[in-house]
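Report on the following structure.
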Amino acid sequence: MDTAVFRLDGVTKRYGELVALDNATLEAGANEYISFLGPSGSGKTTLLRVIAGFEAPEAGRVHFQGRDITNVPAHERGIGFVFQNFALFPHLSVIQNVGFGLTHGKSGLTPAQVEQRALEMIELVGLSGMEGRGVDQISGGQRQRVALARTLTMQPKLVLLDEPLGALDANLRGRMRNELRAIRERLGVTFVHVTGSETEALAMGDRVVVLDRGRIIQIGAPGQVYDHPASPDVAHYLNRFNLFDGKLNAGIFTGAFGAVPVPAAVKGDRDVYAVRYDRMQAVPVGTATAGPSLRATFIASEYLGSAVMNFFDAGDGHVIEMEHHLSLGAPQEFEPRQDYLLTWNPEQAIVFGREVR
Ligand code: ADP
Ligand code: MG
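If you're matching positions, the sequence shown starts at 1 in this note's numbering and goes up one per residue.
Below is the structure:
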């Protein structure tokens, strides 16, 4: 019995010489929220397009609801897709846009039933009262909701969202995140959500899939990916770690901060020492520190609402970030252009090495 809603088995997609997807294998369960994180060009959109059936893979299979759909045309797959640059029909009203697929498809519904279902979806995405408006008479965030409602009216079991929140301001983005999760719970839909934002990926996904140059480099629960990035690249894309190059040899990492004993390390493709932004402390120069330390010049701080980010220059152009959560108390004040010692508990560092067994 196949309980996965969809499954990719070794999917490879090439554009000429370029390998946009390299042997991608992944499955998602019913009612799961999966977020895809990866830099621009890593293959996120290509992966969604292969699942939806807009691109045929050169190798591998796509399964949906227990059936091999690799050769099934997109319009027969029953998979919903909200595109990165979604387009609404400008001459139609909100409700006409939302009901479009049912009116013009083979739904077999009467016009009254189509209207009923469209109204339900309009309510679900919080647009009640705007049914009759033209889509040029509503805001960008509201148009995004219309695009989502238009997809949901078709009652897909799988909805693919390609950076749907990118065009929204921070405030609206936060609200839409909560609403998407609530919709998922109400309708029992599996969502695959592509985002370039690590914050969004970690906040929204039951599981996070990290893509890099067409390859899936880690799959895991947000906490697992965050606490145990599988490689220096994952740590980099999470944008939560200071990364130091250096050399790991016989349990000692030698980097800009000197030589530090490393009790445990993760096998990686290069030697990298990673310290989370919120695991760094700054003390006056001359203070004796228990752990490793690195002298750096304070540049500036930035308030983020629930935290303060402090930026230091380690002298070699390497900017080091130190995050202070305001729930832990008032932030330290630093003098611009003054030197401090940055220090951390070495047991909290994550170290990658080529020579780890
Ligand atoms: P992402 O969505 O992660 O930014 P894409 O899936 O759009 O990445 O693209 C992955 C790679 O495939 C990129 O190098 C991109 O330039 C290339 N690519 C995407 N679509 C095409 C296409 N239709 N023809 C040729 N190359 C493409
Ligand atoms: Mg894309």
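C-beta: ideal position from N, C-alpha, C; glycine also.
Please work out which residues of its chain come closer than 8 Å, Cβ to Cβ, to Arg49, disregarding the five sequence neighbours upstream and downstream, and give them in chain order. Here the set comprises Glu55.
Using CA coordinates, which residue listed in Glu58, Ala4, Gly41 is at the minimum distance from Gly10? When only C-alpha atoms are compared, the closest one is Glu58.
What three-state label does DSSP hand Ile122 in the structure shown? Note: Ile122 maps to helix in three-state DSSP.
The beta strand (DSSP E) spanning Pro39 covers which residue range? Annotation for Pro39: no beta strand (DSSP E) segment contains it, and DSSP assigns it neither H nor E.
Output the distance between the C-alpha atoms of Thr190 and Phe81, rounded to the nearest integer angstrom. C-alpha separation (whole angstroms): 12 Å.
Would you say the beta carbon of Lys13 is closer than 7 Å to some non-hydrogen atom of the ligand MG? No heavy atom of the ligand MG is found nearer than 7 Å to the CB of Lys13.
Please name the residue in Leu211, Val308, Glu123 whose C-alpha comes closest to that of Ala330. The residue with the shortest Cα to Cα distance from Ala330 is Val308.
Distance cut-off 7 Å: Ala20 Cβ against heavy atoms of the ligand ADP: Under cutoff, so the answer is yes.
Inter-stretch contact (C-beta, 8 Å, three-pair minimum) for the region 146 to 160 and the region 87 to 106: Touching, per the Cβ criterion.
Excluding sequence positions up to five away, which residues of its chain have a Cβ less than 6 Å from the Cβ of Val19? Its chain contains Gly214 as the residues whose beta carbon lies nearer than 6 Å to that of Val19, once the 5 sequence neighbours on both sides are disregarded; these appear in chain order.
Starting from Val50, follow the alpha helix (DSSP H) in both directions and report where the run begins and ends. Under the DSSP assignment, Val50 falls in the alpha helix (DSSP H) whose first and last residues are 44 to 52.
So what does DSSP say about His104, is it helix, strand or coil? DSSP places His104 within a helical segment (H, G or I) once states are collapsed to three.
Considering Met360, what are the terminal residues of the alpha helix (DSSP H) in which it resides? No statement about residue 360 is possible, as the shown extent of the chain runs from 1 to 357 and does not include it.
In the region 214 to 282, which residue ranges form an unbroken alpha helix (DSSP H) of at least 4 residues, counting only runs that do not cross its ends? Listed in chain order, the complete alpha helix (DSSP H) runs (minimum 4 residues) inside the region 214 to 282 are 222 to 227, 232 to 238.
Check for me: the alpha helix (DSSP H) holding Val208 runs from which residue to which? It is not in any alpha helix (DSSP H) - Val208 instead sits in the beta strand (DSSP E) that spans 207 to 212.
Residues in its own chain within less than 8 Å of Tyr364 by CB, not counting five upstream and five downstream? Because the chain is modelled from 1 through 357, residue 364 falls outside the range shown and cannot be assessed.
Nearest to Tyr277 by CA position, among Lys247, Ser231, His325, is which residue? Closest by alpha carbon: His325.
Note down the Cα distance separating His104 from Phe89, rounded to an integer number of angstroms. Straight-line Cα distance between these residues: approximately 13 Å.
Using only CA atoms, which one of Arg295, Ala274, Phe312, Asn31 lies nearest to Glu302? When each option's Cα is compared against that of Glu302, the closest is Phe312.
Would the beta-carbon of Leu102 fall within 8 Å of that of Val114? With contacts defined as CB atoms closer than 8 Å, Leu102 and Val114 qualify as a contacting pair.
Between the alpha carbons of Asp245 and Gly16, how many angstroms are there, rounded? One C-alpha to the other measures close to 35 Å.
Tell me whether Ala87 sits in a helix, a strand or coil according to DSSP, three-state version. Looking at Ala87 - three-state DSSP - the assignment turns out to be coil, as it is neither helix nor strand.
The alpha helix (DSSP H) that contains Arg181, what's its start and end? It spans 170 to 187 - the alpha helix (DSSP H) in which Arg181 sits, taken as one unbroken run.
Would you check if the distance between the CB atom of Ala28 and the CB atom of Ala4 is smaller than 8 Å? Result yes, Cβ atoms of Ala28 and Ala4 sit closer than 8 Å.
Return the CA-CA distance between Ala112 and Gly141, expressed in angstroms with no decimal places. Computed Cα separation, rounded: 28 Å.
Check Pro346 in the structure and name its three-state DSSP category. Residue state, collapsed to three classes: helix.
Looking at Thr46 and the ligand ADP, is the gap between the Cβ and the nearest heavy atom below 7 Å? For Thr46, the Cβ falls inside the 7 Å cut-off from some heavy atom of the ligand ADP.
Cβ of Tyr226 within 8 Å of Cβ of Ala282? Contact flag unset, no.
Close-in-space but distant-in-sequence residues of the same chain around Gly251 (CB under 7 Å, 5 per side omitted): If we look at Gly251 and ignore the five residues flanking it on each side, its Cβ neighbours are Pro261, Val262.
How is the beta strand (DSSP E) around Arg143 delimited, first residue to last? That residue, Arg143, is in no beta strand (DSSP E); its alpha helix (DSSP H) goes 140 to 152.
Using only the heavy atoms of the ligand ADP, determine whether one of them is closer than 7 Å to the beta carbon of Ser35. In this structure, Ser35 has its CB at a distance of at least 7 Å from all heavy atoms of the ligand ADP.
Which of the three DSSP states, helix, strand or coil, is assigned to Asp136? Helix.
Whole-angstrom distance between Arg295 and Leu230, CA atom to CA atom: A small fix is needed here, since residue 230 is Ala in this sequence, not Leu. Between Ala230 and Arg295, the C-alpha separation is close to 29 Å.
Hey, is Gln332 close to the ligand MG, as in C-beta under 7 Å from one of its heavy atoms? No, the ligand MG has no heavy atom inside 7 Å of this Cβ.
Which residues does DSSP list as the beta-bridge partners of Ser301? According to DSSP, which records beta bridges pairwise, Ser301 is partnered with Asn310.
The beta strand (DSSP E) enclosing Met322, as first and last residue numbers: For Met322, the enclosing beta strand (DSSP E) begins and ends at 319 to 325.
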